[in-house]
Amino acid sequence: MLDKSTLNQPKLPTKGIEPLLSLRGIEKHYDGQTVLDHVDIDLMPGRLLSLIGPSGCGKTTLVKIALGLLKPDGGEVTRAAGLRIGYMPQKLVIDPTLPLRVDRFLQLAEHDKTLCLEALTETGVAHLINRPLRALSGGETQRVLLARALLRKPNLLVLDEPVQGVDVTGQEALYQLIADIRTHLHCGILMVSHDLHLVMAATDEVVCLNRHVCCHGSPEQVSADPAFVELFGSRQALYTHHHDHHHN
Amino acid sequence: MNIDFLYFALAAGLGIALLAGPLGSLMVWQRMAYFGDTLAHGALLGVAIGLWLSLSNDLAVLLTCLGLAGLLIVLQELHLLATDTLLGILSHTALALGLVALALIPGARVNMEGLLFGDLLAISKTEVFTIWVLAGLVLAGLGYWWRQLVAVTVHEDLAQVEGVPVRRVKTMQKLMLATVVAVGMKVAGVLLITALLIIPAASARRFSHNPEQMAILGSVIAALAVLLGLTASWFLDTPAGPSIVLAGGVLFGAASLSPKAD
Numbered sequence: 172m173l174d175k176s177t178l179n180q181p182k183l184p185t186k187g188i189e190p191l192l193s194l195r196g197i198e199k200h201y202d203g204q205t206v207l208d209h210v211d212i213d214l215m216p217g218r219l220l221s222l223i224g225p226s227g228c229g230k231t232t233l234v235k236i237a238l239g240l241l242k243p244d245g246g247e248v249t250r251a252a253g254l255r256i257g258y259m260p261q262k263l264v265i266d267p268t269l270p271l272r273v274d275r276f277l278q279l280a281e282h283d284k285t286l287c288l289e290a291l292t293e294t295g296v297a298h299l300i301n302r303p304l305r306a307l308s309g310g311e312t313q314r315v316l317l318a319r320a321l322l323r324k325p326n327l328l329v330l331d332e333p334v335q336g337v338d339v340t341g342q343e344a345l346y347q348l349i350a351d352i353r354t355h356l357h358c359g360i361l362m363v364s365h366d367l368h369l370v371m372a373a374t375d376e377v378v379c380l381n382r383h384v385c386c387h388g389s390p391e392q393v394s395a396d397p398a399f400v401e402l403f404g405s406r407q408a409l410y411t412h413h414h415d416h417h418h419n
Numbered sequence: 303m304n305i306d307f308l309y310f311a312l313a314a315g316l317g318i319a320l321l322a323g324p325l326g327s328l329m330v331w332q333r334m335a336y337f338g339d340t341l342a343h344g345a346l347l348g349v350a351i352g353l354w355l356s357l358s359n360d361l362a363v364l365l366t367c368l369g370l371a372g373l374l375i376v377l378q379e380l381h382l383l384a385t386d387t388l389l390g391i392l393s394h395t396a397l398a399l400g401l402v403a404l405a406l407i408p409g410a411r412v413n414m415e416g417l418l419f420g421d422l423l424a425i426s427k428t429e430v431f432t433i434w435v436l437a438g439l440v441l442a443g444l445g446y447w448w449r450q451l452v453a454v455t456v457h458e459d460l461a462q463v464e465g466v467p468v469r470r471v472k473t474m475q476k477l478m479l480a481t482v483v484a485v486g487m488k489v490a491g492v493l494l495i496t497a498l499l500i501i502p503a504a505s506a507r508r509f510s511h512n513p514e515q516m517a518i519l520g521s522v523i524a525a526l527a528v529l530l531g532l533t534a535s536w537f538l539d540t541p542a543g544p545s546i547v548l549a550g551g552v553l554f555g556a557a558s559l560s561p562k563a564d
């Protein structure tokens, strides 16, 4: 089902540019519960798409389907030819019995240590190359994970909650870094977040997910959308997990 | 006095020690001690099956361990129970089944102590040869898949996205473990073989800055435990397998006193 559907896929109205990744009518069920209900997403080259939604809305499931880690129960995933995905997982837990320093961690993806150092320089943490992973702070760990994603020379970056475990000033710096990387590498970015306000500045497109796509558009459009306001409260209110949105 | 048996014992012990570093490290990192125990206990059933079908003992044990590893992989993927509970049930059921099956075979005369704790000093030239051939194969496999094995240990999803065939790598690791357990039961018996794999790797942790150091140092410590254990066994007339494991335990204790590397 995956990948082979490119030929019979109808052309999308995007001025002849093929999306890096196209999800059509994605469905996923667990134990009779619908987790994803006909989700459509297109990610264009060079664009930054933020996927937002409350906990348990299916963001992680959708990301795993996009990455090919999970098979959808319905719908189609189409990946552009020559797609190279750099993935930054939500969390990295290193067992204390595993001695692992940043250099060896990166070398799991790329043998060449010079390239590893370059990637670390790009994410601003070259000085950590000989540090044990377990000794890093939240922000440092995220930057090392981002460096590993960059080693793949990706044209699509998939970032799952990239600022998790990072303090507020660190979060802004990290979002700025992600925006810079996008400009520099010209890659598409699919970013999962649960806070629209922090990602707004850098984001081209927002998809608000709550099992189905609640609303979709530019950050300004989405933040004014009644479905978004209903899901997250007014734009001024900071994100809460309160959920009063009903589905049939 | 002919002391060939001592050389055979040493050769067999060192063959397993060679693998104890890398394979034991993977077991420690992935918390697979219980999985190893389950396979080892199943080896006893393999002995019973071998006697029942008049198969070669080595072959029956190897096939039983591989089959059990396959069964465990399938059961874990079905997520019927928490892995810990599943192994807790299967591990001791397999041990009990092996003991009962051996008792039921008419006229079976087995050296139960040898099966449970190893009978290293009675090991034959052919058995040493089998151990080294299989150990060589497993070592080659570990070398070939090493980077992928470590990548899977660190983060399965990340490894998968980067193109590592996670499922195949995990399956191969478990089959390699089953092979080593099957041949290693000659050295330390079904009750102690897991300890022989895990203790040296755990001892090496304190001196290691990266996964490879821990794997290599683990093998060195395992070899040291084999030498010390066999020496003790020779001079004190203690059973070889338990002496080796005990030597490993003493080395672990000594290692724990030194400052931690990372």
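Line by line, the protein sequences are chains H and S.
Quick note on our numbering: the first sequence kicks off at 172 and runs consecutively.
Quick note on our numbering: the second sequence kicks off at 303 and runs consecutively.
For each residue, glycine too, the CB sits at the ideal point set by N, CA and C.
For residue i, three-class secondary structure by DSSP
i              : result
residue 483(S) : helix
residue 415(H) : Since pLDDT at residue 415(H) reaches only 46, below the 50 mark, its modelled position is unreliable, and no value is offered.
residue 352(S) : helix
residue 573(S) : Here chain S comprises residues numbered 303 to 564, so residue 573(S) is not present and cannot be evaluated.
residue 514(S) : helix
residue 420(H) : Any property of residue 420(H) remains undetermined from this structure, which presents chain H solely from 172 to 419.
residue 371(H) : coil
residue 523(S) : helix
residue 332(H) : coil
residue 388(H) : strand
residue 457(S) : coil
residue 189(H) : coil
residue 226(H) : coil
residue 221(H) : strand
CB contact below 9 Å: residue i versus chain H
i              : result
residue 474(S) : no
residue 507(S) : yes
residue 324(S) : no
residue 459(S) : yes
residue 547(S) : no
residue 564(S) : yes
residue 512(S) : yes
residue 333(S) : yes
residue 516(S) : yes
residue 504(S) : yes
residue 254(S) : Coverage of chain S is limited to positions 303 through 564, which leaves residue 254(S) absent and any answer about it impossible.
Any chain S beta carbon closer than 9 Å to residue i
i              : result
residue 319(H) : yes
residue 403(H) : no
residue 291(H) : no
residue 305(H) : yes
residue 218(H) : no
residue 422(H) : Summary: the structure shown does not reach residue 422(H), with chain H confined to residues 172 through 419, and so no result is reported for it.
residue 250(H) : no
residue 329(H) : yes
residue 286(H) : no
residue 173(H) : Here the model assigns residue 173(H) a pLDDT of 42, short of 50, so the residue's position is not dependable, and the following value carries that caveat. No, residue 173(H) lies away from the interface with chain S (no Cβ there is under 9 Å from its Cβ).
residue 147(H) : Chain H is shown only over 172 to 419; residue 147(H) falls outside these bounds and no answer can be derived.
residue 279(H) : yes
residue 323(H) : yes
Extent of the continuous alpha helix (DSSP H) to which residue i belongs
i              : result
residue 372(S) : 359-380
residue 545(S) : 542-559
residue 287(H) : 284-293
residue 195(H) : Unbroken run through residue 195(H) is the beta strand (DSSP E), 192-201; no alpha helix (DSSP H).
residue 299(H) : Counting along the chain, residue 299(H) falls outside any alpha helix (DSSP H), and DSSP gives it neither H nor E.
residue 316(H) : 309-321
First through last residue of the beta strand (DSSP E) which encompasses residue i
i              : result
residue 271(H) : That residue, residue 271(H), is in no beta strand (DSSP E); it is neither H nor E in DSSP.
residue 246(H) : 245-250
residue 363(H) : 359-364
residue 281(H) : Residue 281(H) -> no beta strand (DSSP E), and no H or E assigned at all.
residue 257(H) : 256-259
residue 241(H) : First-last for residue 241(H): undefined, no H or E at that position.
residue 378(H) : 376-381
With contact counted as at least three CB pairs below 8 Å, one residue from each stretch, are the segment 374-382 of chain H and the segment 207-227 of chain H in contact? yes
How about the segment 365-374 of chain S and the segment 306-326 of chain S: do they share at least three Cβ pairs that are nearer than 8 Å? no
Can we say the segment 459-474 of chain S touches the segment 521-528 of chain S, given the rule of at least three CB pairs closer than 8 Å? no
Using a beta-carbon distance cut-off of less than 8 Å, what residues from the segment 253-277 of chain H approach chain S? 256, 258, 260, 263, 265, 266, 268, 269, 270, 271, 272, 275, 276
Please name the residues in the segment 436-465 of chain S whose beta-carbon is closer than 7 Å to at least one beta-carbon of chain H, in chain order. 449, 452, 453, 455, 456, 457, 459, 460, 462, 463, 464
With contact counted as at least three CB pairs below 8 Å, one residue from each stretch, are the segment 335-347 of chain S and the segment 431-442 of chain S in contact? no
Three or more C-beta pairs under 8 Å: does that hold for the segment 242-250 of chain H against the segment 264-273 of chain H? no
Count the CB pairs spanning the segment 531-539 of chain S and the segment 346-357 of chain S that are closer than 8 Å, and state whether there are at least three. no
Looking at C-beta atoms only, is the number of pairs between the segment 450-465 of chain S and the segment 305-319 of chain S that lie closer than 8 Å three or more? no
Counting beta carbon pairs with one atom in the segment 229-243 of chain H and one in the segment 187-205 of chain H, are three or more of them shorter than 8 Å? yes
Which residues, in order along the segment 230-241 of chain H, keep a beta-carbon less than 8 Å from a beta-carbon of chain S? 235, 238, 239, 240
Touching by the beta-carbon criterion (3+ pairs, under 8 Å), the segment 315-333 of chain H and the segment 288-296 of chain H: yes
If we count Cβ pairs, one from each stretch, closer than 8 Å, do we get three or more for the segment 250-268 of chain H versus the segment 324-339 of chain H? yes
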